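Numbering (the UniProt record's numbering), first residue to last: 1 to 353. The C-beta atom is built at its ideal place from N, Cα and C for all residues, glycine as well. From a predicted model like this one, the values you see are computed outputs, not experimental measurements. Read through the structure below, which is laid out as structure tokens, and then see the notes.
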């Protein structure tokens with residue numbers, strides 16, 4: 001058996017019944033009623049030395065005698081339960097690749113069942129090589145950009161034509177009061193440079209609509225993924241993005257907080273592999289040629305509280321990272337998840353059925 005180490009998320013607990021419970025990420029853990037000192041000693045030995053050939057000797061020195069076959073069977077069980085991992089020396093690789101900044105997320109990947117820290121390094125390479133388009137850099141968009149930069153994304157292309165107002169500074173994480181009156185995309189570019197100097201950033205200072213879709217499509221050429229974080233033109237923006245994604249043949253994700261306490265996530269759409277948004281959720285055919293209707297709707301006032309922006313964006317980022325790296329299955333391809341934070345109820349919708 002190769003050299004071993006304990007899972008970096010390993011924790012041990014004594015229950016009220018004085019049973020030993022061993023827990024790690026991704027499994028239900030295991031509980032032992034007897035021989036607790038033996039199991040604790042073995043775990044500590046693995047943490048001290050990775051060399052399996054020494055374990056039986058060290059256990060005997062501590063007063064525990066176990067048959068070698070039985071020891072190997074136990075070690076294999078712990079490997080299967082994700083309690084133990086094959087030992088890796090990835091520290092030099094992190095330095096060589098300039099990935100030390102991301103060691104926690106790289107090692108986080110490595111704690112999952114069936115994955116290693118080397119897998120985490122490969123996932124980080126994918127993140128660092130990816131180019132992401134972000135449409136809208138307001139409430140959720142600023143959280144998206146901040147999160148992508150923090151994770152070490154290779155390139156960001158950001159589109160927004162808005163300027164920073166006082167109220168933005170209470171719910172849009174990239175902006176401060178001294179930024180009032182400045183372009184959102186230009187300030188966002190400055191902030192990304194502070195968070196992740198290696199991330200390349202391109203910006204387009206405009207609002208998207210059907211009239212300038214060609215300009216935005218050209219700007220987004222070469223991206224690997226598109227995130228919709230804008231909410232205007234209302235009732236149109238998702239379908240404009242749908243058309244843009246088909247034109248650029250790029251996967252994209254829609255999500256947003258809404259209705260005071262709710263957040264929807266998805267669908268994630270892949271041109272030529274999934275249905276388009278228009279096919280999954282046909283657009284409402286409201287007739288808005290009434291001047292009075294337009295005047296009333298023009299008074300719509302977007303209201304939000306910061307936690308909803310942050311929650312929605314972080315939920316979306318998890319799905320984006322799944323898609324980019326392949327570390328897990330994307331949960332919202334052709335699907336939508338709805339969370340109501342007033343009750344914490346969660347609903348899942350299969351949009352194909």
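Within the same chain, show all residues whose beta-carbon is closer than 6 Å to that of residue i, passing over the 5 residues directly before and after it, in chain order.
i, result
"residue 161", "205, 206 and 207"
"residue 100", "94"
"residue 112", "26"
"residue 262", "340"
What residues in its chain sit with their C-beta under 7 Å from that of residue i, if we drop five residues either side in the sequence?
i, result
"residue 39", "20 and 32"
"residue 238", "228, 254 and 277"
"residue 90", "117, 118 and 121"
Under 7 Å between the Cβ atoms of residue i and residue j?
i, j, result
"residue 244", "residue 281", "no"
"residue 158", "residue 203", "yes"
"residue 267", "residue 335", "yes"
"residue 324", "residue 130", "yes"
"residue 223", "residue 149", "no"
"residue 144", "residue 229", "yes"
"residue 56", "residue 68", "yes"
"residue 264", "residue 338", "yes"
"residue 22", "residue 30", "yes"
What's the gap between the Cα of residue i and the Cα of residue j?
i, j, result
"residue 121", "residue 88", "12 Å"
"residue 72", "residue 115", "21 Å"
"residue 254", "residue 8", "34 Å"
"residue 5", "residue 319", "30 Å"
"residue 279", "residue 252", "15 Å"
"residue 200", "residue 105", "21 Å"
"residue 34", "residue 83", "18 Å"
"residue 81", "residue 74", "11 Å"
"residue 109", "residue 327", "7 Å"
In the DSSP output, what is residue i paired with across the bridge?
i, result
"residue 345", "340"
"residue 13", "21"
"residue 355", "Because the chain is modelled from 1 through 353, residue 355 falls outside the range shown and cannot be assessed."
"residue 262", "258 and 340"
"residue 252", "226 and 269"
"residue 203", "158"
Grab me the residues of residue i's own chain with a C-beta within less than 8 Å of its C-beta, minus the 5 sequence neighbours each way, in chain order.
i, result
"residue 3", "50, 51, 52, 86 and 87"
"residue 181", "163 and 164"
"residue 147", "313, 314 and 317"
Just checking residue i against the ligand PLP - is the residue's beta carbon closer than 6 Å to any of the ligand's heavy atoms?
i, result
"residue 306", "Within the structure as shown, the ligand PLP is missing, as the structure has no ligands at all."
Are at least three pairs of beta-carbons, each pair with one atom in the region 134-146 and one in the region 161-181, less than 8 Å apart? A contact exists between the region 134-146 and the region 161-181.
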